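Numbering (my numbering), first residue to last: 345 to 585. Glycine included, each C-beta is placed from N, C-alpha and C at the ideal position. Only a predicted model underlies this, so the values are computations on that prediction, with no experimental measurement involved. Read through the structure below, which is laid out as structure tokens, and then see the notes.
Laid out in structure tokens, this is it:
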């Protein structure tokens, strides 16, 4: 069985971090802690960005925990992209071209974030049963469980049931999304795949090639989520652009 270049060994040398001075200073949190996390994530944003004023934050009902958690979501999704790129190596798809990612207001942003995170949870579960390589399944699970934590927090933040899925169903057992459902939910944000492989994988044959297709399916979603937060977290939680 062909192995993937998983984190560890040569994979650990991959460094996507850029100059610390280009990261966002946290609004009402620990700036040095954020800079350390951002360096690990390799997240870079304009150095001119500063914290949103307390008056603006109050008007949008933005709390200190919102600043912390949405900044964490931005970091996590960029790290998910980096992890999948390392796992896939030369087989990693290029970043798709997106549209409709910039939201007009904070409420719309939280609603879209909730939908994207819940879509991600269902997507990973829907693909898990078709993965051949247990190492690949483990890497996918590492990301899927973080997506689930994101989704649970966003559900609560928006006043919904903590285990509600993207279809609005309260559940004791997570509902897997088939790939067609995932594509329908994510499709409005994807302008084109930038020459990358189709958003599809086999549900009948397990193989190394299909594991690559599944991870590239996941990578497209992670690119989408990362870009979504890279655009909207600075817009709604920071000023100075």
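Do you know whose CA, among the options, lies nearest residue i's CA?
{"i": "residue 465", "options": "456, 576, 453 and 495", "result": "495"}
{"i": "residue 509", "options": "519, 420 and 440", "result": "519"}
{"i": "residue 549", "options": "471, 538 and 484", "result": "471"}
{"i": "residue 574", "options": "531, 446, 528 and 540", "result": "446"}
{"i": "residue 530", "options": "406, 539, 441 and 475", "result": "441"}
{"i": "residue 511", "options": "467, 489, 539 and 534", "result": "467"}
{"i": "residue 497", "options": "457, 543 and 475", "result": "457"}
{"i": "residue 493", "options": "572, 408, 407 and 420", "result": "420"}
{"i": "residue 479", "options": "559, 418 and 526", "result": "559"}
Quick check on the burial criterion: 16 or more other C-beta atoms within 10 angstroms. Buried or exposed for residue i?
{"i": "residue 392", "result": "Confidence at residue 392 is low in this model, with a pLDDT of 40, below 50, so its placement is unreliable and no value can be given for it."}
{"i": "residue 437", "result": "buried"}
{"i": "residue 449", "result": "exposed"}
{"i": "residue 473", "result": "exposed"}
{"i": "residue 532", "result": "exposed"}
{"i": "residue 444", "result": "exposed"}
{"i": "residue 578", "result": "buried"}
{"i": "residue 516", "result": "exposed"}
{"i": "residue 414", "result": "buried"}
{"i": "residue 524", "result": "exposed"}
{"i": "residue 576", "result": "buried"}
{"i": "residue 434", "result": "exposed"}
{"i": "residue 427", "result": "buried"}
{"i": "residue 405", "result": "exposed"}
{"i": "residue 489", "result": "exposed"}
{"i": "residue 416", "result": "buried"}
Excluding the 5 residues preceding and the 5 following residue i in the sequence, name in chain order all residues of the same chain whose CB lies nearer than 6 Å to its CB.
{"i": "residue 429", "result": "436"}
{"i": "residue 439", "result": "567"}
{"i": "residue 538", "result": "438, 440 and 441"}
{"i": "residue 376", "result": "Its pLDDT being 45, under 50, residue 376 is placed unreliably by the model, and the measurement read from it follows with that caveat. Excluding sequence neighbours, residue 376 sits near nothing in its chain."}
{"i": "residue 580", "result": "450 and 453"}
{"i": "residue 540", "result": "437 and 438"}
{"i": "residue 363", "result": "Here the model assigns residue 363 a pLDDT of 24, short of 50, so the residue's position is not dependable and the matter cannot be decided."}
Who are the Cβ neighbours of residue i in its own chain at under 7 Å, not counting the five residues just before and after it?
{"i": "residue 501", "result": "454"}
{"i": "residue 556", "result": "432 and 435"}
{"i": "residue 491", "result": "461, 464, 465 and 468"}
{"i": "residue 481", "result": "472 and 475"}
For residue i, is the beta carbon positioned less than 7 Å from some heavy atom of the ligand SAM?
{"i": "residue 541", "result": "In terms of ligand content, the structure shown is empty, and the ligand SAM therefore cannot be addressed."}
Going by beta carbon distance, what residues of the same chain come within less than 8 Å of residue i, once the five residues before and after it are set aside?
{"i": "residue 505", "result": "499 and 514"}
{"i": "residue 521", "result": "463, 466, 467, 469, 470, 510 and 529"}
{"i": "residue 459", "result": "510 and 529"}
{"i": "residue 535", "result": "440, 441, 442 and 443"}
Considering only residues of the segment 517 to 550, which uninterrupted beta strand (DSSP E) runs meet the minimum length of 3 residues and lie entirely inside it, listed in chain order? 534 to 536
4 or more residues per run - each alpha helix (DSSP H) lying fully within the segment 453 to 513: 478 to 501
Assess, as a yes-or-no matter, whether the segment 476 to 486 is touched by the segment 563 to 583 under the definition of 3 or more beta carbon pairs within less than 8 Å. no
Any alpha helix (DSSP H) of 4 or more consecutive residues that is wholly inside the segment 400 to 451: 408 to 432
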